[in-house]
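A short worksheet on the structure shown next.
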Amino acid sequence: MANKVIVETTINGDPVELLCEPRQSLLEVLRDVLELTGSKEGCLTGDCGACTVVIDGRPVCSCLMLGVEAAGKQISTVEGLASGTALHVLQQKFLEHASLQCGICTPGFLMSAKALLDHNPNPTEAEIRYALAGNLCRCTGYDKIVRAVTDAAATMAGRSRPAHGAVPAETASGMTGEMLAKGEVK
Amino acid sequence: MHAITYETPKSLDEAVKLLAAHGEKARPLSGGTDLLIQLRAGTRRPDFVVDIKRIPELTRISFSLQHGLRLGAAVPCIEIHENGDMRKYYPGLTEAAHLIGSLQIQSRASVGGNLCNGSPAADTTPALIALGAQARVVGPKGERMVPVEGFCLAPGRTVLQPGELLVEFQIPAPERHCADAYLRFIPRNEMDIAVVGVGAALTLDMSDDRVVEARIGLGAVGPTPIFAAEASKSLIGKTLDAAAIDNAARLAIAASSPIDDMRGTAEYRRHVVGVLTRRVLAKAAERARQSDQR
């Protein structure tokens, strides 16, 4: 194909030089050119968030950005979360809280949560829900995801239990977001 | 998506030359949250996509109490919300920018893109109209200033001629006891397209609590965003009591020309124009009265 261009970018801390067509989205470049298939294709209209990556510290739908726009940017994808075989705290907490079922939305949720916690290490439940509002999950009902992020924030901050009176991991089951929001659970 | 050529001009001059050379075959790319969807759907088919985010004038927010605001057309909405001057002096425009889509969308979408996309339901446009924003446009024949209420011509169509580029918005510095507000109605809490949006900016004379200046902008109730001129004018010199606010709301409804669609009927939208106009005026007035404390 004619029309391919070279893009120099940084992905998960590594400098990357890649060849792509200008019409390819960043999501296509990640998945089809670089074979980083962690980022998922959902709606292709920016509604579902399954393709979320973090670019220069901000969450972005990689389906709504051209791959060529990545030149000079710092891109983090779900593949960069774990250190070798050691899961990132967020990944560990998603497992502990059963925050996924089919899993297609999970990489996007993890990256949105990562962007939030990097920016705000001690978010309230409302802030977590706001930050995750661009990610859709049709399995979990969201509460388990919110719990995992709450717990991950607490763990990363070295607290034994989440701040803001939110529910700790071991008593999490059966609590609704409304109960959490009202602080009915200690 | 069809094949495109991607251009990254570093200056206004370079951008205008590129856009002028390619005419209707070129489309500027800001945050891409509308454009990429249109490219994929084939509803826009430019051969040249001109990324304008490397041009300094388009990507900066500069504000001073002396000179007012220059808001680059490609500044992402999230940067507006993160900017202390924007939150303090233009809270209405800031809240409009901060309720467009998710954080993923706000990280990319821009106020300039919102306007150039030409949707009558664009959230930031009524807020810009309320503030009396002027759009600075450069093109092969030079520069011109376009009042934002005159920028959109029809759904998806604007005054921009082939080769022209929206550079920035220029907004006067807020006077004492001047503030803006924006409210929209959607049938859910977040992330939807406005059924109705209303922006208002008010300047009050605190010696007798009278309105010195008023501007009301309406969204999603006509083929383009609307400046409710009669409603705005009706408030000037008045005390903001219930009668003045009701009268302005009635005139705002008269300025609207909504249609029935899946988001609401025309009749319902007219009703909501009245409700939101009353609420947004009260909110702007409250902010204006408290603006000493900022």
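Protein sequences, first through last, are from chains A and B. Taking the numbering used here, the leading residue of the first sequence gets 9, the next gets one more, and so forth. Taking the numbering used here, the leading residue of the second sequence gets 39, the next gets one more, and so forth. C-beta: ideal position from N, C-alpha, C; glycine also.
Query: In three-state DSSP terms, what is A/V41?; Result: helix
Query: Would you give the residue range spanned by the alpha helix (DSSP H) that B/V54 belongs to?; Result: L50 to H60
Query: So if DSSP puts A/C51 in a beta bridge, which residue, or which two residues, is it bridged to?; Result: Beta-bridge pairing links A/C51 to no other residue.
Query: In terms of DSSP beta bridges, what is B/E251 paired with?; Result: B/T241
Query: Closest by CA to A/C113, which one among A/Q82, A/T18, A/I19 and A/V61?; Result: A/V61
Query: In three-state DSSP terms, what is B/F189?; Result: coil
Query: Quick one: which chain B residues come within Cβ less than 7 Å of A/V76?; Result: Y44
Query: Under a CB-based cut-off of 9 Å, is A/C113 close to chain B?; Result: no
Query: Measuring alpha carbon to alpha carbon, tell me which residue in A/S91, A/D64 and A/A106 is nearest A/T18.; Result: A/D64
Query: When you compare each of B/A269, B/V250 and B/G302 to B/A326 by their alpha carbons, which one comes out closest?; Result: B/V250
Query: Let me know the secondary structure DSSP gives A/E178 once reduced to three states.; Result: With a pLDDT of 40 at A/E178, under the threshold of 50, the modelled position of this residue cannot be trusted; read the value that follows with caution. It is helical.
Query: Helix, strand or coil for B/S68, going by three-state DSSP, please let me know.; Result: coil
Query: Determine, using beta carbons only, whether B/N152 and B/D161 come nearer to each other than 9 Å.; Result: yes
Query: Could you list which residues in chain A have their beta carbon closer than 7 Å to that of B/D377, in chain order?; Result: In the structure displayed, chain B extends from 39 to 332; residue 377 of chain B sits before or after that span and is not available.
Query: With DSSP as the reference, label B/R83 as helix, strand or coil.; Result: coil
Query: Does the Cβ of B/A267 have 16 or more other Cβ atoms within 10 Å, making it buried, or fewer, making it exposed?; Result: exposed
Query: Looking at the C-beta of B/G69, does it have a partner C-beta in chain A at a distance below 9 Å?; Result: yes
Query: List, in order along the chain, the chain B residues whose C-beta lies closer than 7 Å to that of A/G57?; Result: S140 and Q142
Query: When you check each C-beta in the stretch 44-61 of chain B against every C-beta of chain A, which residues fall closer than 7 Å?; Result: Y44
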